[in-house]
Amino acid sequence: MSKKQNRTTSQAIRHNFIILFTFFALFTGAAVVTVVGVNLVHQSQTESVELLKSLNRSFIDDKPDWNQWRRNSSINTQNTYVRVTDKLHSSGESKLFYSKGTQHFLSLKQTKLSKLLHLPFIPALVYTKDYGILYYRSGIRHGAQKDIRSEIWLSLTPIVNTLVSVMLVVLVVLIISLLLGWWLISLVAKRLTRSLEMLQSTARDQSKSVVAVESLLPVPDTPLEVRELSMSFNELLTAIIDNNKKEKAFISNASHELRTPIAAIRGHISLVKRRGKQHPEIIDRSLHFIDDESLKMQSLVNSLLVLSRADNEVVQKSYFDLAGIVNETVEEQRVVIKQAIEASGKQPAVVYANQTNISQIISILIDNAGKYSPEDSKIRVLIVKKAAVTILSVQDQGPGIPDNDKPHIFDRFYRGDPAHNSEINGNGLGLAIASQLANLNDIQITVADVQPHGASFNLLFTNASPKK
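If you read the sequence shown in our numbering, its first letter stands for residue 1258, the second for the next number, and so on.
Below, the structure written as C-alpha coordinates:
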(Lines of atoms letter the chains of each structure in order from A and count residues from 1; the text may use other names and numbers.)
(Lines give C-alpha, C1' and ligand atoms only; values in the text may rest on other atoms or scores of the structure.)
Protein backbone atom coordinates (compact mmCIF):
# COMPACT_ATOMS: atom_id res chain seq x y z
CA MET A 1 0.00 0.00 0.00
CA SER A 2 2.82 2.38 0.86
CA LYS A 3 4.53 1.70 -2.49
CA LYS A 4 1.41 2.75 -4.35
CA GLN A 5 1.10 5.92 -2.32
CA ASN A 6 4.76 6.83 -2.90
CA ARG A 7 4.59 6.61 -6.70
CA THR A 8 5.36 9.73 -8.67
CA THR A 9 2.92 10.95 -11.32
CA SER A 10 5.22 9.65 -14.07
CA GLN A 11 5.41 6.20 -12.43
CA ALA A 12 1.64 6.12 -11.92
CA ILE A 13 1.08 6.95 -15.61
CA ARG A 14 3.46 4.15 -16.69
CA HIS A 15 1.93 1.66 -14.24
CA ASN A 16 -1.65 2.36 -15.34
CA PHE A 17 -0.62 2.29 -19.01
CA ILE A 18 1.01 -1.12 -18.64
CA ILE A 19 -2.12 -2.53 -16.98
CA LEU A 20 -4.46 -0.98 -19.55
CA PHE A 21 -2.29 -1.92 -22.53
CA THR A 22 -1.80 -5.49 -21.33
CA PHE A 23 -5.54 -5.91 -20.81
CA PHE A 24 -6.42 -4.65 -24.29
CA ALA A 25 -3.57 -6.59 -25.91
CA LEU A 26 -4.68 -9.83 -24.26
CA PHE A 27 -8.29 -9.11 -25.14
CA THR A 28 -7.37 -8.36 -28.77
CA GLY A 29 -5.13 -11.44 -28.98
CA ALA A 30 -7.82 -13.69 -27.52
CA ALA A 31 -10.37 -12.21 -29.93
CA VAL A 32 -8.05 -12.79 -32.92
CA VAL A 33 -7.29 -16.39 -31.90
CA THR A 34 -10.98 -17.09 -31.25
CA VAL A 35 -12.11 -15.66 -34.59
CA VAL A 36 -9.39 -17.49 -36.49
CA GLY A 37 -10.12 -20.75 -34.64
CA VAL A 38 -13.88 -20.54 -35.22
CA ASN A 39 -13.38 -19.81 -38.91
CA LEU A 40 -10.98 -22.72 -39.30
CA VAL A 41 -13.35 -25.09 -37.48
CA HIS A 42 -16.19 -23.88 -39.67
CA GLN A 43 -13.99 -24.51 -42.68
CA SER A 44 -13.36 -28.06 -41.40
CA GLN A 45 -17.09 -28.55 -40.98
CA THR A 46 -17.64 -27.54 -44.59
CA GLU A 47 -14.85 -29.85 -45.73
CA SER A 48 -16.40 -32.77 -43.83
CA VAL A 49 -19.71 -32.21 -45.61
CA GLU A 50 -17.95 -32.19 -48.98
CA LEU A 51 -16.04 -35.34 -48.02
CA LEU A 52 -19.29 -37.14 -47.17
CA LYS A 53 -20.80 -36.13 -50.50
CA SER A 54 -17.75 -37.28 -52.43
CA LEU A 55 -17.72 -40.54 -50.42
CA ASN A 56 -21.32 -41.28 -51.41
CA ARG A 57 -20.40 -40.78 -55.06
CA SER A 58 -17.50 -43.23 -54.78
CA PHE A 59 -19.60 -46.34 -53.93
CA ILE A 60 -19.21 -49.22 -56.39
CA ASP A 61 -21.35 -52.36 -55.81
CA ASP A 62 -22.40 -50.99 -52.42
CA LYS A 63 -18.77 -50.74 -51.41
CA PRO A 64 -16.71 -47.58 -51.14
CA ASP A 65 -13.83 -47.25 -53.56
CA TRP A 66 -11.21 -45.63 -51.36
CA ASN A 67 -8.73 -45.02 -54.16
CA GLN A 68 -11.32 -43.30 -56.33
CA TRP A 69 -12.55 -41.28 -53.32
CA ARG A 70 -9.09 -40.05 -52.47
CA ARG A 71 -8.24 -39.42 -56.11
CA ASN A 72 -11.41 -37.46 -56.94
CA SER A 73 -11.63 -35.50 -53.65
CA SER A 74 -10.59 -31.86 -53.87
CA ILE A 75 -9.77 -31.94 -50.16
CA ASN A 76 -6.63 -33.48 -48.69
CA THR A 77 -7.67 -36.83 -47.21
CA GLN A 78 -4.29 -37.89 -45.90
CA ASN A 79 -5.25 -37.34 -42.26
CA THR A 80 -8.91 -38.28 -42.70
CA TYR A 81 -10.36 -41.49 -41.30
CA VAL A 82 -13.63 -43.05 -42.52
CA ARG A 83 -15.85 -45.89 -41.32
CA VAL A 84 -18.82 -47.04 -43.42
CA THR A 85 -21.55 -49.26 -41.92
CA ASP A 86 -23.71 -51.15 -44.41
CA LYS A 87 -26.85 -52.50 -42.68
CA LEU A 88 -29.35 -54.78 -44.46
CA HIS A 89 -33.03 -54.37 -43.64
CA SER A 90 -33.91 -58.03 -44.15
CA SER A 91 -31.30 -59.71 -42.01
CA GLY A 92 -30.18 -56.85 -39.87
CA GLU A 93 -26.56 -57.75 -40.60
CA SER A 94 -23.99 -54.99 -40.88
CA LYS A 95 -20.83 -54.77 -42.95
CA LEU A 96 -18.04 -52.42 -41.97
CA PHE A 97 -15.63 -50.75 -44.36
CA TYR A 98 -12.60 -48.81 -43.14
CA SER A 99 -10.33 -46.41 -44.91
CA LYS A 100 -6.60 -46.82 -44.50
CA GLY A 101 -5.50 -46.46 -40.85
CA THR A 102 -9.04 -46.09 -39.50
CA GLN A 103 -9.12 -49.45 -37.71
CA HIS A 104 -5.92 -48.64 -35.84
CA PHE A 105 -7.25 -45.19 -35.03
CA LEU A 106 -10.50 -46.56 -33.61
CA SER A 107 -8.75 -49.30 -31.67
CA LEU A 108 -6.99 -46.81 -29.43
CA LYS A 109 -8.47 -46.55 -25.98
CA GLN A 110 -9.57 -43.21 -24.65
CA THR A 111 -7.03 -41.82 -22.19
CA LYS A 112 -7.54 -39.50 -19.24
CA LEU A 113 -6.23 -36.63 -21.32
CA SER A 114 -8.75 -37.50 -24.04
CA LYS A 115 -11.57 -37.28 -21.51
CA LEU A 116 -10.15 -34.06 -20.07
CA LEU A 117 -9.87 -32.39 -23.48
CA HIS A 118 -13.31 -33.52 -24.55
CA LEU A 119 -15.42 -30.39 -25.04
CA PRO A 120 -19.05 -31.02 -24.06
CA PHE A 121 -20.27 -27.85 -25.71
CA ILE A 122 -18.55 -28.87 -28.99
CA PRO A 123 -19.14 -32.66 -29.17
CA ALA A 124 -17.88 -32.80 -32.75
CA LEU A 125 -14.33 -32.18 -31.49
CA VAL A 126 -12.53 -35.24 -30.09
CA TYR A 127 -9.00 -35.89 -28.94
CA THR A 128 -7.11 -39.13 -29.50
CA LYS A 129 -3.59 -39.93 -28.44
CA ASP A 130 -1.00 -39.66 -31.24
CA TYR A 131 -3.65 -38.24 -33.57
CA GLY A 132 -4.43 -34.96 -31.84
CA ILE A 133 -7.72 -33.12 -32.16
CA LEU A 134 -10.14 -34.32 -34.86
CA TYR A 135 -13.48 -33.16 -36.18
CA TYR A 136 -16.19 -35.88 -36.30
CA ARG A 137 -19.14 -35.94 -38.67
CA SER A 138 -21.58 -38.68 -39.72
CA GLY A 139 -24.35 -39.14 -42.25
CA ILE A 140 -26.92 -41.85 -43.18
CA ARG A 141 -28.13 -42.69 -46.64
CA HIS A 142 -31.40 -44.62 -46.52
CA GLY A 143 -32.18 -47.18 -49.21
CA ALA A 144 -34.98 -49.64 -50.00
CA GLN A 145 -33.01 -52.65 -48.82
CA LYS A 146 -30.34 -51.18 -46.58
CA ASP A 147 -28.99 -48.08 -44.81
CA ILE A 148 -25.46 -46.87 -45.26
CA ARG A 149 -23.93 -44.89 -42.36
CA SER A 150 -20.75 -42.94 -43.12
CA GLU A 151 -18.52 -41.55 -40.33
CA ILE A 152 -15.58 -39.21 -40.90
CA TRP A 153 -12.86 -38.09 -38.50
CA LEU A 154 -11.05 -35.09 -39.99
CA SER A 155 -7.69 -34.21 -38.39
CA LEU A 156 -7.45 -30.62 -37.12
CA THR A 157 -3.67 -30.73 -36.68
CA PRO A 158 -3.10 -28.11 -39.43
CA ILE A 159 -5.65 -25.86 -37.75
CA VAL A 160 -4.03 -26.33 -34.34
CA ASN A 161 -0.63 -25.55 -35.85
CA THR A 162 -2.05 -22.43 -37.45
CA LEU A 163 -3.63 -21.34 -34.14
CA VAL A 164 -0.36 -21.94 -32.29
CA SER A 165 1.45 -19.85 -34.90
CA VAL A 166 -1.13 -17.08 -34.53
CA MET A 167 -0.83 -17.20 -30.74
CA LEU A 168 2.97 -17.01 -30.92
CA VAL A 169 2.78 -14.08 -33.31
CA VAL A 170 0.26 -12.32 -31.04
CA LEU A 171 2.47 -13.00 -28.02
CA VAL A 172 5.59 -11.68 -29.74
CA VAL A 173 3.72 -8.59 -30.96
CA LEU A 174 2.36 -8.08 -27.44
CA ILE A 175 5.83 -8.22 -25.87
CA ILE A 176 7.36 -5.92 -28.50
CA SER A 177 4.43 -3.50 -28.25
CA LEU A 178 4.63 -3.59 -24.47
CA LEU A 179 8.34 -2.76 -24.45
CA LEU A 180 7.97 -0.10 -27.13
CA GLY A 181 4.86 1.32 -25.46
CA TRP A 182 6.59 1.41 -22.07
CA TRP A 183 9.47 3.36 -23.59
CA LEU A 184 7.15 5.78 -25.42
CA ILE A 185 4.85 6.31 -22.46
CA SER A 186 7.89 6.94 -20.26
CA LEU A 187 8.96 9.75 -22.59
CA VAL A 188 5.42 11.17 -22.71
CA ALA A 189 4.96 10.87 -18.93
CA LYS A 190 8.32 12.54 -18.31
CA ARG A 191 7.37 15.34 -20.67
CA LEU A 192 3.95 15.79 -19.06
CA THR A 193 5.35 15.83 -15.53
CA ARG A 194 8.38 18.00 -16.32
CA SER A 195 6.47 21.12 -15.31
CA LEU A 196 5.36 19.53 -12.03
CA GLU A 197 8.94 18.45 -11.26
CA MET A 198 10.13 21.99 -12.01
CA LEU A 199 7.53 23.43 -9.64
CA GLN A 200 8.47 20.90 -6.97
CA SER A 201 12.21 21.59 -7.20
CA THR A 202 11.69 25.36 -7.31
CA ALA A 203 9.38 25.27 -4.29
CA ARG A 204 11.83 23.03 -2.42
CA ASP A 205 14.78 25.34 -3.22
CA GLN A 206 12.82 28.44 -2.24
CA SER A 207 11.71 26.84 1.03
CA LYS A 208 15.39 26.33 1.93
CA SER A 209 16.48 29.80 0.79
CA VAL A 210 16.19 32.85 3.02
CA VAL A 211 16.62 35.23 0.06
CA ALA A 212 13.98 33.67 -2.24
CA VAL A 213 11.36 33.15 0.45
CA GLU A 214 9.13 35.81 -1.12
CA SER A 215 9.67 34.71 -4.73
CA LEU A 216 6.87 33.32 -6.89
CA LEU A 217 6.87 29.97 -8.67
CA PRO A 218 7.56 29.79 -12.43
CA VAL A 219 4.48 29.49 -14.64
CA PRO A 220 4.94 26.95 -17.50
CA ASP A 221 3.11 27.40 -20.78
CA THR A 222 1.95 23.77 -20.95
CA PRO A 223 0.14 21.69 -19.91
CA LEU A 224 -2.84 23.92 -19.17
CA GLU A 225 -3.68 22.24 -15.83
CA VAL A 226 -0.15 22.78 -14.48
CA ARG A 227 -0.17 26.38 -15.74
CA GLU A 228 -3.45 27.06 -13.91
CA LEU A 229 -2.13 25.26 -10.81
CA SER A 230 1.02 27.42 -10.85
CA MET A 231 -1.04 30.58 -11.21
CA SER A 232 -3.28 29.50 -8.31
CA PHE A 233 -0.21 28.77 -6.16
CA ASN A 234 1.24 32.17 -7.05
CA GLU A 235 -2.02 33.89 -6.10
CA LEU A 236 -1.89 32.09 -2.76
CA LEU A 237 1.82 32.94 -2.33
CA THR A 238 1.13 36.57 -3.21
CA ALA A 239 -1.56 36.76 -0.52
CA ILE A 240 0.77 35.06 1.99
CA ILE A 241 3.68 37.36 1.06
CA ASP A 242 1.48 40.46 1.32
CA ASN A 243 0.14 39.29 4.66
CA ASN A 244 3.69 38.56 5.82
CA LYS A 245 4.79 42.06 4.81
CA LYS A 246 1.83 43.56 6.65
CA GLU A 247 2.65 41.51 9.75
CA LYS A 248 6.29 42.65 9.59
CA ALA A 249 5.19 46.25 9.16
CA PHE A 250 2.70 45.83 12.00
CA ILE A 251 5.36 44.44 14.35
CA SER A 252 7.81 47.15 13.31
CA ASN A 253 5.25 49.93 13.82
CA ALA A 254 4.05 48.49 17.11
CA SER A 255 7.65 48.26 18.33
CA HIS A 256 8.27 51.85 17.26
CA GLU A 257 5.11 53.12 18.95
CA LEU A 258 6.01 51.30 22.17
CA ARG A 259 9.71 52.20 22.05
CA THR A 260 9.08 55.96 22.10
CA PRO A 261 7.09 56.13 25.38
CA ILE A 262 9.30 53.49 26.99
CA ALA A 263 12.41 55.50 26.11
CA ALA A 264 10.81 58.65 27.52
CA ILE A 265 9.79 56.86 30.73
CA ARG A 266 13.26 55.38 31.14
CA GLY A 267 14.80 58.82 30.58
CA HIS A 268 12.70 60.48 33.28
CA ILE A 269 13.37 57.61 35.69
CA SER A 270 17.10 58.07 35.09
CA LEU A 271 16.72 61.82 35.59
CA VAL A 272 14.92 61.33 38.91
CA LYS A 273 17.62 58.90 40.06
CA ARG A 274 20.43 61.32 39.20
CA ARG A 275 18.97 64.65 40.28
CA GLY A 276 15.86 63.89 42.30
CA LYS A 277 17.50 64.43 45.69
CA GLN A 278 19.16 67.73 44.76
CA HIS A 279 16.14 69.01 42.79
CA PRO A 280 12.89 67.64 44.26
CA GLU A 281 10.83 69.84 41.95
CA ILE A 282 11.63 67.62 38.95
CA ILE A 283 10.04 64.59 40.58
CA ASP A 284 6.44 65.81 40.18
CA ARG A 285 7.11 66.88 36.59
CA SER A 286 8.69 63.52 35.73
CA LEU A 287 5.89 61.58 37.41
CA HIS A 288 3.31 63.57 35.44
CA PHE A 289 5.19 62.83 32.21
CA ILE A 290 5.56 59.13 33.09
CA ASP A 291 1.82 58.97 33.80
CA ASP A 292 0.98 60.48 30.40
CA GLU A 293 3.31 58.16 28.52
CA SER A 294 2.06 55.07 30.38
CA LEU A 295 -1.52 56.03 29.45
CA LYS A 296 -0.44 56.18 25.80
CA MET A 297 1.14 52.75 26.15
CA GLN A 298 -2.01 51.41 27.81
CA SER A 299 -4.16 52.82 24.99
CA LEU A 300 -1.85 51.27 22.38
CA VAL A 301 -1.83 47.87 24.10
CA ASN A 302 -5.63 47.93 24.43
CA SER A 303 -5.95 48.74 20.72
CA LEU A 304 -3.60 45.89 19.84
CA LEU A 305 -5.69 43.51 21.95
CA VAL A 306 -8.88 44.69 20.23
CA LEU A 307 -7.28 44.08 16.82
CA SER A 308 -6.06 40.65 17.89
CA ARG A 309 -9.51 39.64 19.12
CA ALA A 310 -11.15 41.07 15.99
CA ASP A 311 -8.93 38.91 13.77
CA ASN A 312 -10.33 35.72 15.36
CA GLU A 313 -13.77 36.87 16.50
CA VAL A 314 -16.95 35.17 15.37
CA VAL A 315 -19.72 37.74 15.63
CA GLN A 316 -23.34 37.06 16.55
CA LYS A 317 -25.61 39.12 14.32
CA SER A 318 -29.19 40.19 14.85
CA TYR A 319 -31.76 42.64 13.49
CA PHE A 320 -31.87 45.99 15.31
CA ASP A 321 -32.70 49.65 14.83
CA LEU A 322 -29.53 51.48 13.73
CA ALA A 323 -30.98 54.85 14.79
CA GLY A 324 -31.25 53.69 18.40
CA ILE A 325 -27.57 52.60 18.54
CA VAL A 326 -26.50 55.89 16.90
CA ASN A 327 -28.41 57.99 19.45
CA GLU A 328 -26.96 56.05 22.40
CA THR A 329 -23.38 56.25 21.09
CA VAL A 330 -23.68 59.96 20.24
CA GLU A 331 -24.87 60.73 23.79
CA GLU A 332 -21.85 58.88 25.19
CA GLN A 333 -19.42 60.72 22.89
CA ARG A 334 -20.82 64.16 23.64
CA VAL A 335 -19.29 63.84 27.10
CA VAL A 336 -15.73 63.41 25.74
CA ILE A 337 -15.83 65.22 22.37
CA LYS A 338 -15.40 69.01 22.34
CA GLN A 339 -17.20 69.49 19.01
CA ALA A 340 -20.96 69.57 18.71
CA ILE A 341 -22.46 66.31 17.42
CA GLU A 342 -25.63 66.29 15.36
CA ALA A 343 -27.49 63.03 14.66
CA SER A 344 -30.21 62.96 11.99
CA GLY A 345 -31.68 60.85 9.25
CA LYS A 346 -34.13 58.09 8.57
CA GLN A 347 -35.76 56.45 11.58
CA PRO A 348 -36.22 53.61 12.17
CA ALA A 349 -33.49 51.93 10.09
CA VAL A 350 -33.37 48.17 10.64
CA VAL A 351 -30.03 46.51 9.83
CA TYR A 352 -28.50 43.05 10.37
CA ALA A 353 -25.19 43.15 12.30
CA ASN A 354 -23.64 42.91 15.77
CA GLN A 355 -24.84 45.84 17.90
CA THR A 356 -21.69 46.02 20.06
CA ASN A 357 -19.42 46.11 17.01
CA ILE A 358 -21.48 48.84 15.34
CA SER A 359 -21.37 50.94 18.52
CA GLN A 360 -17.56 50.51 18.61
CA ILE A 361 -17.22 51.57 14.97
CA ILE A 362 -19.37 54.69 15.50
CA SER A 363 -17.33 55.63 18.60
CA ILE A 364 -14.06 55.25 16.67
CA LEU A 365 -15.32 57.35 13.73
CA ILE A 366 -16.64 60.12 16.01
CA ASP A 367 -13.37 60.10 18.01
CA ASN A 368 -11.38 60.30 14.78
CA ALA A 369 -13.52 63.19 13.54
CA GLY A 370 -12.97 65.00 16.86
CA LYS A 371 -9.17 64.71 16.55
CA TYR A 372 -8.98 66.37 13.14
CA SER A 373 -11.78 68.96 13.39
CA PRO A 374 -11.67 72.46 14.88
CA GLU A 375 -13.20 72.66 18.35
CA ASP A 376 -15.91 75.08 17.17
CA SER A 377 -16.95 72.88 14.22
CA LYS A 378 -19.78 70.38 13.99
CA ILE A 379 -19.72 66.60 13.55
CA ARG A 380 -22.70 65.14 11.73
CA VAL A 381 -23.94 61.55 12.05
CA LEU A 382 -26.42 60.89 9.26
CA ILE A 383 -28.55 57.82 8.33
CA VAL A 384 -29.68 57.61 4.70
CA LYS A 385 -31.58 54.87 2.85
CA LYS A 386 -30.90 54.31 -0.85
CA ALA A 387 -32.65 51.44 -2.62
CA ALA A 388 -31.48 48.26 -0.86
CA VAL A 389 -28.70 49.95 1.12
CA THR A 390 -28.70 51.81 4.44
CA ILE A 391 -25.82 54.30 4.76
CA LEU A 392 -24.46 55.61 8.06
CA SER A 393 -22.15 58.63 7.56
CA VAL A 394 -19.91 60.37 10.11
CA GLN A 395 -18.90 63.73 8.63
CA ASP A 396 -16.41 66.27 9.98
CA GLN A 397 -15.22 69.72 8.97
CA GLY A 398 -11.52 69.03 9.27
CA PRO A 399 -8.75 69.39 6.65
CA GLY A 400 -9.93 66.33 4.73
CA ILE A 401 -7.89 63.39 3.49
CA PRO A 402 -5.57 63.68 0.44
CA ASP A 403 -6.34 61.32 -2.43
CA ASN A 404 -2.97 59.54 -2.14
CA ASP A 405 -3.72 58.74 1.54
CA LYS A 406 -7.23 57.34 1.00
CA PRO A 407 -6.14 53.83 -0.17
CA HIS A 408 -4.08 53.44 3.05
CA ILE A 409 -6.30 55.19 5.57
CA PHE A 410 -7.52 51.87 7.04
CA ASP A 411 -4.03 50.29 7.25
CA ARG A 412 -2.65 49.60 10.70
CA PHE A 413 -0.44 52.41 12.10
CA TYR A 414 -0.92 54.47 8.96
CA ARG A 415 -1.22 58.20 9.64
CA GLY A 416 -1.46 60.80 6.90
CA ASP A 417 0.37 64.12 6.84
CA PRO A 418 -2.19 66.01 8.98
CA ALA A 419 -1.95 63.22 11.56
CA HIS A 420 1.78 63.79 12.04
CA ASN A 421 0.99 66.92 14.00
CA SER A 422 2.32 66.28 17.49
CA GLU A 423 -0.74 67.96 19.00
CA ILE A 424 -3.00 65.18 17.66
CA ASN A 425 -2.98 62.12 19.87
CA GLY A 426 -3.35 58.68 18.34
CA ASN A 427 -1.54 55.52 17.36
CA GLY A 428 -2.96 54.88 13.88
CA LEU A 429 -5.04 51.85 14.93
CA GLY A 430 -8.52 53.32 15.32
CA LEU A 431 -9.58 53.21 11.67
CA ALA A 432 -7.89 49.80 11.25
CA ILE A 433 -10.05 48.46 14.08
CA ALA A 434 -13.15 50.04 12.54
CA SER A 435 -12.36 48.43 9.16
CA GLN A 436 -11.76 45.02 10.76
CA LEU A 437 -15.04 45.14 12.70
CA ALA A 438 -16.88 46.24 9.54
CA ASN A 439 -15.46 43.26 7.62
CA LEU A 440 -16.56 40.90 10.38
CA ASN A 441 -20.13 42.18 9.96
CA ASP A 442 -20.03 42.14 6.13
CA ILE A 443 -20.30 45.91 6.05
CA GLN A 444 -18.51 48.07 3.50
CA ILE A 445 -16.66 51.10 4.92
CA THR A 446 -15.60 53.95 2.61
CA VAL A 447 -14.22 57.47 2.86
CA ALA A 448 -15.20 60.48 0.77
CA ASP A 449 -14.65 64.25 0.72
CA VAL A 450 -17.08 66.79 2.17
CA GLN A 451 -17.41 70.18 0.51
CA PRO A 452 -15.99 72.71 1.07
CA HIS A 453 -13.66 70.75 3.35
CA GLY A 454 -13.79 67.74 5.61
CA ALA A 455 -14.13 63.95 5.37
CA SER A 456 -17.07 61.56 5.46
CA PHE A 457 -16.69 57.96 6.67
CA ASN A 458 -19.57 55.83 5.39
CA LEU A 459 -20.87 52.44 6.54
CA LEU A 460 -22.94 50.62 3.91
CA PHE A 461 -25.46 48.06 5.26
CA THR A 462 -27.31 45.78 2.88
CA ASN A 463 -30.95 46.00 3.91
CA ALA A 464 -32.57 42.78 5.03
CA SER A 465 -36.06 42.16 6.29
CA PRO A 466 -36.24 40.72 9.82
CA LYS A 467 -37.03 37.00 9.93
CA LYS A 468 -40.58 36.28 10.99
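All residues carry an ideal CB built from backbone N, CA and C; glycine is no exception.
When C-alpha distances from S1472 are compared across R1484, F1490, V1483, E1599, the shortest belongs to F1490.
The C-alpha of V1417 is placed about 24 Å away from the C-alpha of S1356.
The closest CA to that of S1601, considering only V1290, L1449, G1400, V1641, is found on V1641. CA-to-CA, the gap between G1524 and V1563 works out to about 29 Å.
The C-beta distance from G1685 to Y1671 rounds to 6 Å, short enough to meet the 8 Å contact threshold.
Rounded to whole angstroms, Q1654 and I1497 show a C-alpha spacing of 39 Å. Secondary structure note for F1577: its beta strand (DSSP E) is the uninterrupted segment 1575–1578. Every beta strand (DSSP E) stretch that sits fully inside the segment 1584–1621 and reaches 3 residues is listed by chain position as 1597–1602, 1607–1610.
The three-state secondary structure of I1700, taken from DSSP, is coil. At the C-beta level, N1698 and N1614 come within 7 Å of one another. For Q1652, the enclosing beta strand (DSSP E) has its first and last residue at 1646–1652. Taking a contact as a CB-CB distance under 8 Å, the pair A1460 and L1474 counts as one, their CB atoms being some 6 Å apart.
In this structure, T1342 lies near R1406, with their beta-carbon atoms less than 7 Å apart.
When DSSP states are grouped into helix, strand and coil, I1522 belongs to the helix group. With a threshold of 16 other beta carbon atoms within 10 Å, Q1590 meets it and is buried. Going by DSSP, F1354 is part of no alpha helix (DSSP H) but of the beta strand (DSSP E) stretching over 1351–1355. For V1298, the three-state secondary structure derived from DSSP is helix. Below 8 Å, too few C-beta pairs join the segment 1267–1277 and the segment 1385–1405 to call them touching: fewer than three.
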